Amino acid sequence: MSNYQQPRMDVNFGKAKAVIVGVIILIIIGVVVSASVQIVDAGHRGVLLHWNAVDLTAPPLDEGLHFLVPFQDSIVPMEIRTLKFVTDTSSASRDLQTVSTEVTVNYRPAANSVHTLFKEVGLQYED
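Throughout, this note's numbering is defined as the position within the sequence shown, counted from one, plus 10.
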């Protein structure tokens, strides 16, 4: 028979536990930090929600980076660029001929009151 012995591996489990706990803590910190930062795109305003209720005391958030309380606050982006609403309509003229027209309306929500628009009408204000 052989005199071969398997090499012993000395594993320091205390150090391994510390590394695992450190990685878990870094993951938790990463989740909290990513939940506390939101970006409002250009051409939009952000409506601040506290526990899913519109905060009318705070003005709408401008474009850019915003820090929030994680899991309590959220931002709903509302577009304030000029939008177009197109509809077709037809009617009868005085001499009983049908007149068809396409009506186009350009509109833009007021940037300083989009939070009120969101609270009273919602995101489907075009309909």
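The beta-carbon is built from N, C-alpha and C at its ideal position, and this holds for glycine as well. Since the model is a prediction, treat every value here as computed from it, not as a measurement.
The beta carbons of S84 and L59 sit about 5 Å from each other, so the pair counts as a contact at 8 Å. In this structure L133 does not touch Y117 by the C-beta definition: roughly 15 Å separates them, more than the 8 Å allowed. The three-state secondary structure of E112, taken from DSSP, is strand. In this structure, the CA atom of M19 is about 48 Å from the CA atom of F77. The beta carbon of K129 lies closer than 6 Å to those of V64 in the same chain, with the five residues before and after it left out. Rounded to whole angstroms, the Cβ separation of S110 and S100 is 4 Å, and the two are in contact under 8 Å. Taking C-alpha positions only, P87 is separated from K25 by approximately 46 Å.
Ranked by Cα distance from I49, the first of I34, L75 and V57 is L75. Shown here for E73: same chain residues with a beta carbon closer than 6 Å to its own, the five before and five after excluded, namely V50 and A52 in chain order. In this structure, the straight-line span from the alpha carbon of V57 to that of L71 is close to 6 Å.
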